[in-house]
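Engineer: First the structure, which I've put down as structure tokens, then a few questions once you've had a look.
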Amino acid sequence: MAFRIDDAIVRGEIDNTVEGRTTGHLWLAGRAEPVTLDLDGDCWRDLAGSRLVFENPEPKPDAATGQLAAEQTGVTGDITASRKARVSTVSEEQIHAMHAAGQEIPYEWKHLLYLEWFSPANGRVLIESSSFHLTISTPSWAMDEDAEQAQQLANLHAMRDFMAGIIRRRNGSQPAAEQDADELDEYEWEERLKESDRLADAYQEVLEKYMDDEDAERKEAFVMGWDGLLDALAERDENDIPGLTDDGGFSSSSWTPDDGGEGPEDREDDRHPLQAMAYEVALRSVDLVSRDGGPDTAAHCLVSNLLQVSAKLAGALNGCGSGYEPEAGFVLAVLKRCLNWLNEAMAACQALLDQETDPDQAQALTRLRQSVFEIRDGIVALRRELKQS
-13 MAFRIDDAIV
-3 RGEIDNTVEG
7 RTTGHLWLAG
17 RAEPVTLDLD
27 GDCWRDLAGS
37 RLVFENPEPK
47 PDAATGQLAA
57 EQTGVTGDIT
67 ASRKARVSTV
77 SEEQIHAMHA
87 AGQEIPYEWK
97 HLLYLEWFSP
107 ANGRVLIESS
117 SFHLTISTPS
127 WAMDEDAEQA
137 QQLANLHAMR
147 DFMAGIIRRR
157 NGSQPAAEQD
167 ADELDEYEWE
177 ERLKESDRLA
187 DAYQEVLEKY
197 MDDEDAERKE
207 AFVMGWDGLL
217 DALAERDEND
227 IPGLTDDGGF
237 SSSSWTPDDG
247 GEGPEDREDD
257 RHPLQAMAYE
267 VALRSVDLVS
277 RDGGPDTAAH
287 CLVSNLLQVS
297 AKLAGALNGC
307 GSGYEPEAGF
317 VLAVLKRCLN
327 WLNEAMAACQ
337 ALLDQETDPD
347 QAQALTRLRQ
357 SVFEIRDGIV
367 ALRRELKQS
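The sequence shown lines up with residues -13 to 375 when you count with this note's numbering.
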């Protein structure tokens, strides 16, 4: 996860007056000597060629910053003062009180100072604040649009490399174990659960970084290593395959459970439409692909992730209207994990499509992938609604 140090910053300076090199000093509360930066790479165009001086009006000591190496080397990430984000206009205490009262929290758009780099000592280090006082010098050299895009692409690759180190996926080129997934022992299942946890943590970090980016879908897929999903997104746009219109009937306001019956068939009708679709798609995947190749194959990844989504959505959504109403925060957390599993499933489905030679099977996989897209769009719409409520 990112090492965030913005609260402890007293003041700092970033110098990109030499093209291809970014240096600086950071003074932290509770540390006598400044932290030095010596990084390969440039800032974004708004800061490229300039010297930036910044000051935190309210620094707070943070014990965790004691783990920050005094000499920071490595590569730049995104360094800019031009990013915008929604910032609450009330205190954190007021936010909790207003949220508990069901009141809308007031926000305004502000420019952010966003300083990110990747160091061997501390991984991804991040300073992100809208309250620092900034002074920017006249640039000594100018960065054009092409150079900025090249730097941003290098930053994406740095983020992807960092995420790969967090996730530590098993090498799919290694021979799969002889036993099938049902025969994995406790240790092997524990390793798989740990990998799933790492994947969820990594995806949370990626979501936070790109949440306000207009190209968030592709950037998230790239840095998470979901190359199959990237191909699927490109094909979707190339063929102009539409996503869901409005909420597709998946939002809570579009669906009211029928509590008039008590039989099994009535309870089945009370399933949330998003979970019902996820369940149907998971069953289709079981019928469509073979998992004989072992747990490390694309087929197994597709089926297991879709089954996981179906089960988790049942626990989070099907209780609505039954007298038990799960908290919105819990539902949001489950939906976020489901997005992660759906992205893994999408990448696996694309991998199967790439190697499929039978036209009928390829067509069936394409229809399955479109259904997964619809579930994914439905979850995005439902998350958006829950966050606004």
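Glycine residues also receive a C-beta, built at the ideal position from the N, C-alpha and C atoms. This structure is a prediction, so every number in the text was calculated from the model and none was measured.
Within its chain, find whatever has a CB closer than 7 Å to the CB of A284; leave out the 5 residues flanking it on each side and keep chain order.
Structural biologist: As a first step, residue 284 is located in the sequence shown; it is residue number 298 there, counting from the start. Hits under 7 Å: A334, A337 and L338.
Engineer: Identify whether W327 lies in helix, strand or coil by the three-state DSSP scheme.
Structural biologist: Here residue 327 is taken as the residue at index 341 of the sequence shown, counted from 1. Correct three-state label for W327: helix.
Engineer: For the candidate residues D217, P106, I113 and S77, whose alpha-carbon lies nearest to that of P92?
Structural biologist: Taking the sequence shown and counting its residues from 1, the one referred to as residue 92 is at position 106. It is S77 whose Cα lies nearest to the Cα of P92.
Engineer: Around the Cβ of H82, are there at least 16 other Cβ atoms within 10 angstroms (buried) or fewer (exposed)?
Structural biologist: Locating residue 82 in the sequence shown gives position 96, counting from the first residue. Classification for H82: exposed.
Engineer: Decide if T66 is buried, meaning its Cβ has at least 16 other Cβ atoms within 10 Å, or exposed.
Structural biologist: As a position in the sequence shown, residue 66 is number 80, starting the count at 1. If you draw a 10 Å sphere on the C-beta of T66, you find 16 or more other C-beta atoms in it, and that means buried.
Engineer: Buried or exposed for M(-13), please, with buried defined as at least 16 other CB atoms from any protein chain shown within 10 angstroms of its CB.
Structural biologist: Counting from 1 along the sequence shown, the entry for residue -13 is found at position 1. M(-13) should be labelled exposed.
Engineer: Are the beta-carbon atoms of L25 and V61 separated by less than 8 Å?
Structural biologist: Within the sequence shown, residue 25 is the residue found at index 39, counting from 1. Within the sequence shown, residue 61 is the residue found at index 75, counting from 1. Result yes, Cβ atoms of L25 and V61 sit closer than 8 Å.
Engineer: Per DSSP, which residues does W103 bridge with? Please list them.
Structural biologist: Your numbering for residue 103 matches position 117 in the sequence shown. DSSP lists T62 and V111 as partners of W103.
Engineer: Three-state secondary structure (DSSP) at V39?
Structural biologist: Indexing the sequence shown from 1 puts residue 39 at position 53. V39: strand per DSSP, three-state reduction.
Engineer: So, at 7 Å on beta carbons, what are the nonlocal neighbours of F208 in its own chain, with the 5 sequence-adjacent residues on each side left out?
Structural biologist: Counted from its first residue, the sequence shown places residue 208 at position 222. Closer than 7 Å at Cβ, skipping near neighbours: L142, R146 and L216.
Engineer: Between the alpha carbons of Q294 and A55, how many angstroms are there, rounded?
Structural biologist: The residue labelled residue 294 in the question sits at position 308 within the sequence shown. The residue labelled residue 55 in the question sits at position 69 within the sequence shown. Take the alpha-carbon of Q294 and the one of A55: they are about 40 Å apart.
Engineer: Could you tell me the alpha carbon to alpha carbon distance between E114 and D346, rounded to whole angstroms?
Structural biologist: The sequence position of residue 114 within the sequence shown is 128, counting from 1. The sequence position of residue 346 within the sequence shown is 360, counting from 1. Their Cα atoms are separated by approximately 51 Å.
Engineer: Roughly how many whole angstroms lie between the Cα atoms of P125 and D1?
Structural biologist: Here residue 125 refers to the residue found at position 139 of the sequence shown. Here residue 1 refers to the residue found at position 15 of the sequence shown. P125 and D1: Cα-Cα distance of roughly 10 Å.
Engineer: According to DSSP, what are the bridge partners of Y265?
Structural biologist: Here residue 265 is taken as the residue at index 279 of the sequence shown, counted from 1. According to DSSP, which records beta bridges pairwise, Y265 is partnered with nothing at all.
Engineer: Measure the Cβ-Cβ separation of L299 and Q261 and say whether it is below 8 Å.
Structural biologist: Working through the sequence shown from its first residue, we reach residue 299 at position 313. Working through the sequence shown from its first residue, we reach residue 261 at position 275. Yes. Within cutoff.
Engineer: Count the CB pairs spanning the segment 120 to 134 and the segment 189 to 201 that are closer than 8 Å, and state whether there are at least three.
Structural biologist: no
Engineer: Along the chain, where does the beta strand (DSSP E) that runs through G10 open and close?
Structural biologist: Here the question's residue 10 lines up with position 24 in the sequence shown. First-last of the beta strand (DSSP E) with G10: R7 to L14.
Engineer: Nearest by alpha-carbon distance to R69: which of D32, V317, A186 and M149 is it?
Structural biologist: Along the sequence shown, one-based indexing puts residue 69 at 83. Nearest of D32, V317, A186 and M149 to R69, Cα basis: D32.
Engineer: In the DSSP output, which residue or residues are listed as bridge partners for A71?
Structural biologist: The sequence position of residue 71 within the sequence shown is 85, counting from 1. Note: A71 sits in a beta bridge opposite K96.
Engineer: Reducing DSSP to helix, strand and coil, say where L54 ends up.
Structural biologist: Looking up residue 54 in the sequence shown gives position 68. Coil at L54, not helix or strand.
Engineer: Check for me: the alpha helix (DSSP H) holding E44 runs from which residue to which?
Structural biologist: Locating residue 44 in the sequence shown gives position 58, counting from the first residue. No alpha helix (DSSP H) holds E44; DSSP gives it neither H nor E.
Engineer: CA-CA distance, N329 and W212?
Structural biologist: Numbered from 1 along the sequence shown, position 343 holds the residue referred to as residue 329. Numbered from 1 along the sequence shown, position 226 holds the residue referred to as residue 212. Rounded to the nearest whole angstrom, the C-alpha separation of N329 and W212 is 7 Å.
Engineer: Do the segment -7 to 0 and the segment 12 to 24 meet, that is, are 3 or more Cβ pairs less than 8 Å apart?
Structural biologist: yes
Engineer: Ends of the alpha helix (DSSP H) at D147?
Structural biologist: Indexing the sequence shown from 1 puts residue 147 at position 161. Residues E131 to I153.
Engineer: Please state the DSSP three-state secondary structure of G158.
Structural biologist: Position 172 of the sequence shown holds residue 158. Interpretation of G158 is limited by its pLDDT of 49, a score under 50 that renders its predicted location unreliable; no figure is taken from the coordinates.
Engineer: Check the DSSP bridge columns for G(-2) and list the partner residues they point to.
Structural biologist: Taking the first residue of the sequence shown as 1, we reach residue -2 at position 12. Per DSSP, the beta bridge partners of G(-2) are L12 and F40.
Engineer: Determine the DSSP secondary structure at L33, reduced to helix, strand or coil.
Structural biologist: Counted from its first residue, the sequence shown places residue 33 at position 47. Of the three classes helix, strand and coil, the one that applies to L33 here is coil, per DSSP.
Engineer: Please tell me whether R204 has its Cβ less than 8 Å away from any Cβ of chain B.
Structural biologist: Absent from the structure: chain B. Only one protein chain is present.
Engineer: From R370 to A202, what does the alpha carbon distance come to, in whole angstroms?
Structural biologist: Along the sequence shown, read from residue 1 onward, the residue named residue 370 stands at position 384. Along the sequence shown, read from residue 1 onward, the residue named residue 202 stands at position 216. Those two C-alpha atoms are separated by around 15 Å.
Engineer: Report all residues from its chain with a CB closer than 7 Å to the CB of S123; omit the five preceding and five following residues, and keep chain order.
Structural biologist: As a first step, residue 123 is located in the sequence shown; it is residue number 137 there, counting from the start. Around S123: S36 and R37.
Engineer: Using the beta-carbon count (16 or more within 10 Å), is Q419 buried or exposed?
Structural biologist: Any property of residue 419 remains undetermined from this structure, which presents the chain solely from -13 to 375.
Engineer: Leaving out five residues before and five after R362 in sequence, what residues of the same chain have Cβ atoms less than 6 Å from its Cβ?
Structural biologist: Within the sequence shown, the letter at position 376 stands for residue 362. For R362, where only same-chain residues beyond five positions count, the Cβ hits under 6 Å are L328.
Engineer: Taking the straight line between their C-alpha atoms, what separation do you get for D48 and A186?
Structural biologist: For the purposes of this step, residue 48 is taken as the residue at position 62 of the sequence shown. For the purposes of this step, residue 186 is taken as the residue at position 200 of the sequence shown. Going by the C-alpha atoms only, they are around 26 Å apart.
Engineer: Near Q137, which residues of its chain fall below 6 Å by C-beta distance, leaving aside the five closest residues on each side in sequence?
Structural biologist: Here the question's residue 137 lines up with position 151 in the sequence shown. Cβ neighbours of Q137 beyond the five flanking positions: D28.
Engineer: Express the C-alpha separation of A367 and V73 in angstroms, rounding to a whole number.
Structural biologist: As a working note, residue 73 is residue 87 in the sequence shown. As a working note, residue 367 is residue 381 in the sequence shown. Roughly 22 Å between the two C-alpha positions.
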